[in-house]
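In full-length UniProt numbering, the protein residues as written are 1 to 324. Every residue gets a Cβ at the ideal spot worked out from N, C-alpha and C, and that includes glycine.
Okay, here's the thing in structure tokens:
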């Protein structure tokens, strides 16, 4: 098979396209021929071994694919629990696959399996969004953010505020339904300025829900902007910077909550993925949810895809074409 493999940890430069033996399906697994593979920001952490789960070399990155069983069958979108997604053939448990409805493209389906289910559970499971509450979506033009903005509006958020790093990205977030946008660069020099900007975007009021994936000063500024009984869900660390320690007394004194979310824990409860995927695929097929596709890269351009992600040049979902 043709695949992307790394034999040392690092940046995009360690990603090499090579020929490898086809995977061997284990117990309760099935082989699939891949038509498109998803690229996720978490993959950049996987490649440098800086994420929550330790990685072992050699490694084929990636966790999402669209394809068909090698012995024939319907098109599915699937999740790979141990990596291996950047390849033209994968082996996975069929329990971790979902049929792709007619009218939903490979790229749209890939946008849902990790990023869509993350947005769904951040709002439904982690923060328990209540109609009328204000929601801040960090990286509102990204893979999770573009879907979270739309879902928050659909589920009755009173005001949706998105952060984005350029005028073009802020315009996209507003096109998708954000009521206001904020430049997260304000947090680089002073988290208090970022706090003030979030409150200004919310009509001078503190905010109820924050979906946060940056860390550092962005997390600190967003936490300070929370209203009593507000919740901030941390699901990433794109800045590679740690936020300030959260003291229990400060949470008690302000009646605020900090919640962590890692989609990997949903894999132990497959019904959690089923519920989210069923809803998201149906909404997309009906045209009620618009996944934003940021680009389809040949597998030979995998380094460029990672460079674009890390440099914040991309919007929405990035996809690899294993045939090119």
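Would residue i pass as an interface residue toward chain D - the criterion being a Cβ-Cβ separation below 8 Å?
i           : result
residue 260 : Any reference to chain D falls outside this structure, which holds one protein chain only.
Would residue i be called buried (16 or more neighbouring beta carbons within 10 Å of its own) or exposed?
i           : result
residue 241 : exposed
residue 45  : buried
residue 121 : buried
residue 286 : exposed
residue 265 : exposed
residue 270 : exposed
residue 58  : exposed
residue 278 : exposed
residue 159 : buried
residue 52  : exposed
residue 117 : buried
residue 133 : buried
residue 308 : buried
residue 170 : buried
residue 146 : buried
residue 305 : buried
residue 64  : buried
residue 260 : exposed
residue 40  : buried
residue 208 : buried
residue 323 : exposed
Expressed to the nearest angstrom, what Euclidean distance is found between the alpha-carbon atoms of residue i and residue j?
i           : j           : result
residue 3   : residue 85  : 8 Å
residue 226 : residue 88  : 45 Å
residue 312 : residue 256 : 30 Å
residue 166 : residue 26  : 46 Å
residue 82  : residue 138 : 27 Å
residue 254 : residue 213 : 22 Å
residue 228 : residue 205 : 11 Å
residue 62  : residue 43  : 6 Å
residue 23  : residue 74  : 20 Å
residue 198 : residue 290 : 26 Å
residue 239 : residue 190 : 15 Å
residue 223 : residue 232 : 7 Å
residue 235 : residue 172 : 22 Å
residue 71  : residue 33  : 9 Å
residue 20  : residue 1   : 5 Å
residue 7   : residue 14  : 7 Å
residue 161 : residue 281 : 25 Å
residue 124 : residue 211 : 12 Å
residue 35  : residue 17  : 16 Å
residue 148 : residue 119 : 5 Å
residue 168 : residue 219 : 23 Å
residue 200 : residue 31  : 52 Å
residue 164 : residue 80  : 30 Å
residue 54  : residue 292 : 30 Å
residue 49  : residue 176 : 33 Å
residue 95  : residue 68  : 14 Å
residue 136 : residue 195 : 11 Å
residue 300 : residue 142 : 23 Å
In the DSSP assignment, find the alpha helix (DSSP H) that holds residue i and state where it starts and stops.
i           : result
residue 150 : 143 to 154
residue 224 : 216 to 224
residue 284 : 270 to 285
residue 309 : 302 to 310
residue 172 : 167 to 175
residue 251 : 248 to 254
residue 186 : 186 to 189
What does DSSP give as the partner residues of residue i in its beta bridges?
i           : result
residue 211 : 137 and 233
residue 89  : 33
residue 320 : 37 and 297
residue 260 : 234
residue 181 : 162
residue 241 : 215
residue 23  : Residue 23 pairs with nothing; no bridge assigned.
residue 114 : According to DSSP, which records beta bridges pairwise, residue 114 is partnered with nothing at all.
residue 78  : 65 and 97
residue 59  : 6
From which residue to which residue does the beta strand (DSSP E) around residue i run?
i          : result
residue 17 : 16 to 19
residue 5  : 2 to 5
residue 68 : 64 to 69
residue 99 : 97 to 99
Is the segment 148 to 157 close to the segment 123 to 138, with three or more CB pairs under 8 Å? Touching, yes, given that three or more Cβ pairs across the two stretches are closer than 8 Å.
Inter-stretch contact at 8 Å, needing at least 3 Cβ pairs: the segment 273 to 291 / the segment 243 to 258: They do not touch, by the three-pair rule.
Inter-stretch contact at 8 Å, needing at least 3 Cβ pairs: the segment 314 to 322 / the segment 106 to 118: Cβ pair count under 8 Å is three or more, so yes.
Within 8 Å, do at least three Cβ pairs link the segment 99 to 107 to the segment 177 to 184? No, the segment 177 to 184 does not touch the segment 99 to 107.
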